[in-house]
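Colleague: Got a structure here, written out as structure tokens. Questions coming.
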Amino acid sequence: MAYFFKKGKSSPAYEDPMHAGSDLGKNSRSLDEDRLLKGTRLKLVIIITAIVMGIEVVGGFLTNSLALLSDAGHMLTHLFALGMSFFAIVLAARPVTKEKTYGFYRAEVLVAFVNGIALLFMAAFIFYKAIFRVISPQSVAELEMLLVAILGLAANGAGIFLLSGVGRGDINVRSAFLHLIGDTASSVAVVLGGLIIYYTGNFIIDPLISILICGLILIWAGRLLTESTNILLEATPKDVDIDEMA
């Protein structure tokens with residue numbers, strides 16, 4: 001047994017089964033606590049998003065702001081995506097069965113894939129609305145629009161803060177995080193557009209900013225779809241060199 005030890009310290013080659021079981025239990029508890037934290041944060045983000053979405057719908061009709069109504073539509077898409085992400089966490093917590101020996105962990109990756117597709121549709125929706133606003137700009141109640149847009153931006157910022165510390169290594173939570181970033185970018189465009197309209201009366205600025213945002217969202221969605229697809233197809237990880245392993 002001497003070869004298992006060096007300078008009085010145990011070698012990694014030997015591990016006490018009792019300690020191994022203890023570590024396994026700790027890891028299991030840590031995983032459950034991490035999943036609970038993610039679920040709680042996502043639930044808070046869902047509640048905040050739903051409330052602000054309702055405010056933006058009412059504000060959009062009262063101010064005749066298509067930008068606010070469009071942003072509310074984006075929030076509806078994100079609300080659906082966040083709900084799927086939360087549902088995926090609940091599924092992943094279910095125990096392994098004889099039929100599903102891996103459990104339901106792959107559900108989180110599948111939801112990330114669906115979220116990526118939703119991001120593509122969201123970008124197409126923004127672009128479609130932006131083109132019409134470029135062709136036929138409409139007047140809006142600038143100040144009221146700006147105040148509601150700032151509220152939406154603050155809500156998205158709160159959501160990003162809640163998810164920023166819990167999404168490391170979790171593609172599902174990160175997809176929800178990307179949705180919030182996309183919606184935040186949209187809110188920034190609405191706020192900037194509202195400011196420019198308020199001070200210059202130039203209504204064409206807002207749709208032009210929205211078109212630029214579409215490009216960013218397409219990049220994020222492409223990366224998310226690529227990564228989730230590779231996981232679902234069990235592709236070789238980027239940091240693994242098959243030739244070196246051979």
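So the sequence shown is residues 1 to 246, counted in UniProt numbering. Note that the Cβ used here is the ideal one computed from N, Cα and C, for glycine as well.
(1) Between the alpha carbons of Asn156 and Ile150, how many angstroms are there, rounded?
(2) Could you check where the alpha helix (DSSP H) with Ser65 kicks off and where it finishes?
(3) For the 8 Å Cβ check, are there 3 or more pairs between the stretch 138 to 145 and the stretch 113 to 129?
(4) How many Å lie between Val191 and Val57 at the Cα?
(5) Is the beta carbon of Leu153 closer than 8 Å to that of Thr184?
(6) Where does Glu227 land, buried or exposed, given buried means 16+ other C-beta within 10 angstroms?
(7) Using 10 angstroms around the beta-carbon of Glu234, count the other beta-carbons present and answer buried if the total reaches 16, otherwise exposed.
(8) Which stretch, first to last residue, makes up the alpha helix (DSSP H) that contains Asn230?
(9) Using the rule of at least 16 other Cβ atoms within 10 Å of the residue's Cβ for burial, across every protein chain shown, is Phe61 buried or exposed?
(10) Check the C-beta distance from Leu91 over to Thr49 and give it rounded, since I have them as a contact under 8 Å.
(11) Give a yes or no on whether the minimum CB-CB distance between Met84 and chain D is below 8 Å.
(12) Can you give me the Cβ contacts of Cys214 inside the same chain, cut-off strictly under 6 Å, excluding the 5 residues immediately before and after it?
(13) How long is the line joining the alpha carbons of residue 267 and Val52, rounded to whole angstroms?
(14) CA-CA distance, Arg29 and Ile160?
(15) Taking the beta carbon of Arg223 as the centre, do at least 16 other beta carbons fall within 10 Å, making it buried, or is it exposed?
(16) State the start and end residues of the unbroken alpha helix (DSSP H) segment that holds Ser164.
(17) Rank Phe80, Ile219 and Leu37 by C-alpha distance to the C-alpha of Val111 and give the top, closest one.
Modeller: Working from what's here:
(1) Approximately 10 Å between the Cα atoms of the pair.
(2) Where Ser65 is concerned, there is no enclosing alpha helix (DSSP H), given that its DSSP letter is neither H nor E.
(3) The stretch 138 to 145 vs the stretch 113 to 129: no contact.
(4) Taking the Cα positions, Val191 is about 16 Å away from Val57.
(5) Contact: yes.
(6) Classification for Glu227: buried.
(7) Under this definition Glu234 is an exposed residue.
(8) In this chain, the alpha helix (DSSP H) harbouring Asn230 covers Ile205 to Leu232.
(9) Residue burial is scored here from C-beta neighbours: Phe61 has fewer than 16 other C-beta atoms within 10 angstroms and is therefore classed as exposed.
(10) The C-beta separation of Leu91 from Thr49 comes to about 21 Å, leaving the pair out of contact by the 8 Å criterion.
(11) Any reference to chain D falls outside this structure, which holds one protein chain only.
(12) Excluding residues within five positions, the ones whose Cβ falls inside 6 Å are Ala123, Ile126 and Phe127.
(13) A query on residue 267 cannot be resolved here, the shown segment of the chain reaching from 1 to 246 and no further.
(14) At Arg29, the pLDDT of 49 sits below 50, so the modelled position is not reliable; the number obtained from the coordinates is stated separately. A direct Cα-Cα distance of roughly 26 Å separates Arg29 from Ile160.
(15) Taking all protein chains shown into account, Arg223 has fewer than 16 neighbouring C-beta atoms within 10 Å of its C-beta and is therefore exposed.
(16) Segment Glu142 to Ser164, the alpha helix (DSSP H) holding Ser164.
(17) Here the closest residue by C-alpha is Phe80.
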